[in-house]
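Using the UniProt record's numbering, read the sequence shown as starting at 1 and increasing by one per residue.
Encoded as structure tokens, the structure appears first; notes follow it.
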Amino acid sequence: MEIGKLAGNNLKKVILNKIDHFRSDVLIPAGEGEDSAVVDLGDSLLVVSSDPITGAEKNAGFIAVNVSCNDIAAAGAEPFGIQVVFLLPPSLGEDKAEKLMQEIVETAKAMDIEVLGGHTEITDLVQKPIITVTALGKAVKEELTSSASAEVGDRLYITKGMGIEGCYILANDYEDYLLDHGVSKDSIGKASNYLNLLSVIPESRIARKNGVKAMHDVTEGGVYGAVAEMASASGLGYVIEADKFQVKDEIADICKNLNIDPAGLISSGAMLIAAASDNDLESIFAEKGIQLIEVGRIIEKGSYIEKNRAMEEFSLPVEDELWKFIKKITNNS
1 MEIGKLAGNN LKKVILNKID HFRSDVLIPA GEGEDSAVVD LGDSLLVVSS DPITGAEKNA
61 GFIAVNVSCN DIAAAGAEPF GIQVVFLLPP SLGEDKAEKL MQEIVETAKA MDIEVLGGHT
121 EITDLVQKPI ITVTALGKAV KEELTSSASA EVGDRLYITK GMGIEGCYIL ANDYEDYLLD
181 HGVSKDSIGK ASNYLNLLSV IPESRIARKN GVKAMHDVTE GGVYGAVAEM ASASGLGYVI
241 EADKFQVKDE IADICKNLNI DPAGLISSGA MLIAAASDND LESIFAEKGI QLIEVGRIIE
301 KGSYIEKNRA MEEFSLPVED ELWKFIKKIT NNS
């Protein structure tokens, strides 16, 4: 199997189709395009999601908390607690493990989130730390959103921009490589400071109060993957409107010099939003100082991309651009 998130038909065949027991109090169960499960507790809704961090090194603890809590935010909920699982190589050193945990604790505290426990294990089966965070959140039924709620005719937007997390990782963990391949110091400096852009909780709070139908955080697979997952969860098709893409200058610099497609690059910090065509979300978000970029639309069936004013069928890339890059430099080293 290819490195990266198992997706599409393989996910259904290998994982999801094995689940055959469902409870009436689980409102949103495991499913393609759904990153969180929702459980009805009577007076409130419990939202649960888990995410691993495997591709980042610097500030991995900070990223781990934000990525898991972003899934909770995409469901229209507020995160309140996390559990953390560490799988650590024997070579890591106690001081580095302590620093990693300190990052997680400080990040969670700043977000008013409690660390509820977890598991820590030293194993020679891993070469780098693997961090898995399970986030818990609370929601009210009126504000609950699901990737499956998108409808034909909905416009698709992302917040902030594409390639945010991927370029943050590239700028921090591969600075020398970027410099050797023509990326400017200014671009690396800007991308390396994206840490505070990685949360989508602020846009979730705006979106769920303003008639948004569906949300999905833009993680592995980038904009392409997020759009495809939302459409799949809704049982519908999509058109990616590449002619409307907007890319920050520093992200364009990094991606051009590394031959990376920014729309296929992991981008925690961006939220994919589906809304009716008459919902003036762009003005609403602009008032809050958050950029909203139109990237596509939901259609009845099929997958297409509009580029240079021409529309053609679109096939989802099998790997995130970050994994392609890591594999390339690993094989060449």
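Beta carbons are placed, not taken as given, at the ideal position from N, Cα and C, and that holds for glycine.
The C-alpha of F80 lies about 43 Å from the C-alpha of N332.
Burial is judged here by how many other beta carbons sit within 10 angstroms of a residue's own beta carbon; D71 has at least 16 and is buried. Looking at the backbone, the Cα of E203 and that of A77 are separated by about 12 Å. Closest in alpha carbon position to V126, among Q83, P90, E306, E282, is P90. Secondary structure in the segment 127-158: the beta strand (DSSP E) runs of 3 residues or longer, each lying completely within the stretch, are 130-139 in chain order.
Proximity of the segment 141-156 to the segment 231-249 meets the contact definition, three or more beta-carbon pairs being nearer than 8 Å. Taking the C-beta atoms as reference points, K160 is found nearer than 7 Å to G269.
Contact between V67 and D43 is ruled out by a C-beta separation of about 29 Å, above the 8 Å threshold.
The Cβ-Cβ distance between A74 and A150 does not fall below 7 Å. Exclusion of the five residues before and after G296 leaves L156, V227, Y238, V239, I240, E241 as the residues of its chain whose Cβ lies within less than 7 Å of its Cβ. Assignment of G235 by DSSP, reduced to helix, strand and coil, places it in the coil class. Collapsing the DSSP output to three states places E220 in coil.
7 Å or more divides the Cβ of E294 from the Cβ of Y304. Excluding its 5 nearest sequence neighbours in each direction, D20 has no C-beta neighbour in its own chain below 6 Å.
Runs of the alpha helix (DSSP H) lying entirely within the segment 262-308, each at least 4 residues long, are 281-287 in chain order. Boundaries of the beta strand (DSSP E) harbouring A37: 37-40, taken from the DSSP string.
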